[in-house]
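Below: one structure, written as structure tokens.
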Amino acid sequence: MSVTRTIIRSVGAYLPERIVTNEELSTFVDTSDEWILERTGIKQRHMAAQGEFTSHFAVAAAKMALERAGLAASEIDMIIVGTTTPDRTFPSTACIVQAELGMTNGAAFDLQAACSGFLYGLAIADSFIVAGAYKRILVIGAETLTRLMDWTDRNTCVLFGDGAGATIVEGIEGQGDLSDRGILACHLRSDGRYRDLLTATGGPSSTKSIGTVQMNGREVFRHAVANISDAIHEALQATGFGADDIDWFVPHQANGRILEGVAKRVGLPDDKIIITLDRQGNTSAASVPLALNSLYESGKLESNQLVLFEAMGGGFTWGSVLVRW
Ligand code: UT7
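Going by the working numbering, the first residue of the sequence shown is number 676, and it counts up by one from there.
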């Protein structure tokens, strides 16, 4: 039976020029390179300069993805931007990106699912495409998380960085079995009971300010390992694949120790796990497409390989997406 499948046709990325190493951070935060590296695996992060906004990174990543696909912006039907750090409260960053790309057709909107924003965007794009509503969608994860930092809170401010990743997804015809290219499984979850464990202290409706990130690191860590492992098991169960069948694991980049814990539980070997957090820190919704871009640029990603994405963030929100490249 012929079905529509959503393939990831192209990927792009952008990181701001300014790099802040752990050593530099230690000059104004009560921390050390040793502590950050040992507890998280992070060595440095990129940081937006004054006058650089989330939309700037999103546009740069989108342009790279368009160029690699050989597509014009007018050939895109929809833009979804996963972000927790929009340029403005409104209009959406996606509408700003749309205008900057010179695109007047289609629809654009932001999606707020914290660090899971890109993955949620990918799953929603898949639904639109499989339903036949749209053919080609730009799904972006873009953030300036450093703008949400309390630089006196060493529990959080050493973890995050800025940047953007973009993908172009589009519909192709498949046979309806697991040999098809494209998205084979999407599992999205959330549990708002845990909303205060990882949150911003402000918002337009409550404080009329953006606030800063506050996190109970130990509790988030504990939930992250369990939730991510569950989301991966769901993807494997739904498709009948085993951990051995996965060629690449492209996870949200929060903490190297979380990834070690997940890999152990699920049975994924280290050499299949894409790590960018050492160079980029946790870029929230941008981290998964940035990691995908890193895999793409390594030249190791081949057609028909199975790629497993996961993310987990504030809300809590989490999930997994399994794609045959
Ligand atoms: O993307 C969204 C999801 N976010 C996450 O997944 C983050 C999950 N959590 C984590 O990654 C870890 O919990 C952290 C990296 C945030 C913290 O690591 P930890 O091993 O859980 O440390 P801890 O919070 O238990 O703190 C241990 C000690 C404390 O000192 P005492 O009380 O033992 O004296 C902290 O005050 O480390 C201290 N500490 C630091 N020391 C130097 C906390 N932050 C720092 C720091 N530099 N930056």
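No residue lacks a Cβ here, since even glycine has one placed at the ideal position from N, Cα and C.
Keep in mind it's a predicted model, so treat the numbers as computed, not measured.
Checking the 6 angstroms criterion, the Cβ of VAL895 is within range of a heavy atom belonging to the ligand UT7. From the listed residues GLU909, PRO964, GLY936, LEU934, the smallest Cα separation to LEU813 is found for PRO964. Taking 7 angstroms as the cut-off, the Cβ atoms of ILE949 and ALA960 do not count as close.
Excluding residues up to 5 positions away in sequence, LEU853 lie with their Cβ nearer than 8 angstroms to the Cβ of GLY915 in the same chain. If the five residues before and after VAL982 are omitted, its C-beta is found closer than 7 angstroms to the C-beta atoms of ASP922, TRP923, VAL925, VAL998, TRP1000, all from its own chain and listed in chain order. In this structure, the straight-line span from the alpha carbon of GLN928 to that of PRO766 is close to 28 angstroms. Just so you know, the alpha carbons of GLY777 and ALA789 end up roughly 27 angstroms apart. As for any alpha helix (DSSP H) of minimum length 4 sitting wholly inside the stretch 818-846, the runs are 829-832, ordered along the chain.
Within the model, the alpha-carbon separation for ILE751 versus TYR809 is close to 9 angstroms. Burial is judged here by how many other beta carbons sit within 10 angstroms of a residue's own beta carbon; SER962 has at least 16 and is buried. With a cut-off of 8 angstroms on Cβ pairs, the stretch 820-838 is not in contact with the stretch 935-949, counting fewer than three such pairs. DSSP places TYR971 in the uninterrupted alpha helix (DSSP H) bounded by 962-973. When distances are taken from the beta-carbon of ARG829 to the heavy atoms of the ligand UT7, the shortest one is below 6 angstroms. Non-local beta-carbon contacts of ALA724 in its own chain, meaning distances under 8 angstroms to residues more than five positions away in sequence, involve PRO691, GLU692, ARG693 in chain order.
Cα atoms of ARG714 and ASN930: separation of roughly 8 angstroms, rounded to the nearest angstrom.
Look at TYR689 here: in three-state DSSP terms it is strand.
Here THR729 carries a helix assignment [DSSP, helix/strand/coil]. Taking all protein chains in view, the Cβ of MET722 is crowded by 16 or more other Cβ atoms within 10 Å, so the residue is classified as buried.
Rounded to whole angstroms, the gap between the alpha carbons of PRO879 and THR887 is 13 angstroms.
For the ligand UT7, no non-hydrogen atom lies closer than 6 angstroms to the CB of CYS770. By the beta-carbon neighbour count (other beta carbons within 10 angstroms, threshold 16), SER685 is buried. With a cutoff of 7 angstroms on beta-carbon distance, PHE732 and ALA817 are scored as near each other.
Here the alpha carbon of ALA783 sits roughly 43 angstroms from the alpha carbon of GLU709.
Considered as a whole, the stretch 719-792 harbours 729-744, 768-775 as its complete alpha helix (DSSP H) runs of no fewer than 4 residues, in chain order.
Take THR679, set aside five residues on each side of it, and the residues of its chain with a beta-carbon closer than 8 angstroms to its own are ILE804, VAL805, GLY807, GLY846, ILE847, GLU848, GLY849, in chain order.
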